[in-house]
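If you read the sequence shown in UniProt numbering, its first letter stands for residue 1, the second for the next number, and so on. Glycine residues also receive a C-beta, built at the ideal position from the N, C-alpha and C atoms. It should be emphasised that the depicted structure is a prediction, and the values quoted were computed from it without experimental measurement. Structure first, commentary second.
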Amino acid sequence: MAGFFNKGFGRKRESAPSGRIPPGQYETRDFPVLTAGPTPRIPLTTWTFALEGLVETPTQFSWDQFNALPLQAFTNDIHCVTKWSKLDTHWEGVSIDTLLEHANVKPEAQYVMAYSYGDYTTNIPLADLRNGKAFVGLRFEGQPLAPEHGGPARLVVPHLYFWKSAKWIKGLRFMESDKPGFWERGGYSMYGDPWKEQRYRSDD
Ligand SMILES: Nc1nc2c(c(=O)[nH]1)N[C@H]1C(S)=C(S)[C@@H](COP(=O)(O)O)O[C@H]1N2
Ligand SMILES: [Mo]
Numbered sequence: 001m002a003g004f005f006n007k008g009f010g011r012k013r014e015s016a017p018s019g020r021i022p023p024g025q026y027e028t029r030d031f032p033v034l035t036a037g038p039t040p041r042i043p044l045t046t047w048t049f050a051l052e053g054l055v056e057t058p059t060q061f062s063w064d065q066f067n068a069l070p071l072q073a074f075t076n077d078i079h080c081v082t083k084w085s086k087l088d089t090h091w092e093g094v095s096i097d098t099l100l101e102h103a104n105v106k107p108e109a110q111y112v113m114a115y116s117y118g119d120y121t122t123n124i125p126l127a128d129l130r131n132g133k134a135f136v137g138l139r140f141e142g143q144p145l146a147p148e149h150g151g152p153a154r155l156v157v158p159h160l161y162f163w164k165s166a167k168w169i170k171g172l173r174f175m176e177s178d179k180p181g182f183w184e185r186g187g188y189s190m191y192g193d194p195w196k197e198q199r200y201r202s203d204d
């Protein structure tokens, strides 16, 4: 009896579990680095994070103020448009819901432009950042987030392709209508759902 179960069901996690790798993706155990341009180095003494645009209370946090916010643990699968997926990544960060409590977003705000040190931008519907779906990650696998992966702080929106997860995040700008960010202006999807393979604008 035990033998039967060991053979049939004991080795499930050796290969990619079915149902967790979106179409056209493969599983990797590495953590590739994908950056357009050099890695910005941001001293923590000058680091700031802003909530601006369509908000009642424009807000700016220093590094110390940001770190005084409640930190939560997140475990997510991430999917890069260059076709690698990485399962069960462990993060600690500040939920976007927590940040929204500070800024009082106006009802007409429907979209967000995330912007970074080094001028990277990416657009995301506000609904996709709410209800525990996204966070600003400060720690990865128990360590402070490495600079090449966006440290000291990056946006993480795991249910969309990973280019939406802006590294070296500097702020969120709340907008009434959707506008393309860096890769989106270059022809990538305005939304980027990996399960629908929305890689390019023509897939939207
Ligand atoms: N600021 C910034 N954020 C960025 C990028 C970038 O070039 N600059 N690249 C994006 C892309 S295309 C991907 S796939 C992921 C890669 O994150 P990683 O280098 O930690 O794997 O970051 C995204 N965030
Ligand atoms: Mo990417």
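With a Cβ-Cβ cutoff of 8 Å, do residue i and residue j count as a contact?
i    : j    : result
T122 : W163 : yes
W183 : Y117 : no
L155 : A114 : yes
E92  : A73  : yes
P158 : N76  : yes
Could you spell out where the alpha helix (DSSP H) holding residue i opens and where it closes?
i           : result
D64         : 63 to 67
F182        : 182 to 185
residue 219 : With the chain running from 1 to 204 in the structure shown, residue 219 is simply not present.
Take residue i as the anchor and find which of the options has the nearest alpha-carbon.
i    : options              : result
L172 : Q110, I78, Y191, F74 : Q110
R130 : S95, G19, Y120       : S95
For the beta strand (DSSP E) containing residue i, name the first residue and the last one.
i    : result
S116 : 111 to 116
I21  : Note, I21: premise wrong, no beta strand (DSSP E); not H, not E.
H149 : Per DSSP, H149 belongs to no beta strand (DSSP E) and is neither H nor E.
R139 : 135 to 140
R173 : 169 to 175
P125 : 121 to 125
Please report whether the beta-carbon of residue i lies at a distance below 8 Å from any beta-carbon of chain C.
i    : result
V105 : Reference to chain C is not applicable here, since this structure consists of a single protein chain.
Original post:
How do the segment 130 to 146 and the segment 195 to 203 stand: do at least 3 beta-carbon pairs fall below 8 Å, yes or no?
Top reply: no
Original post:
Quick check: the segment 57 to 73 against the segment 99 to 109, are there 3 or more CB pairs under 8 Å?
Top reply: yes
Original post:
Are the segment 80 to 88 and the segment 19 to 28 touching by the rule of at least three beta carbon pairs closer than 8 Å?
Top reply: yes
Original post:
Listed in chain order, which residues are found with a beta carbon closer than 7 Å to a heavy atom of ligand 2?
Top reply: Qualifying residues come out as L34, C80, V81, T82, Y161, F162, W163.
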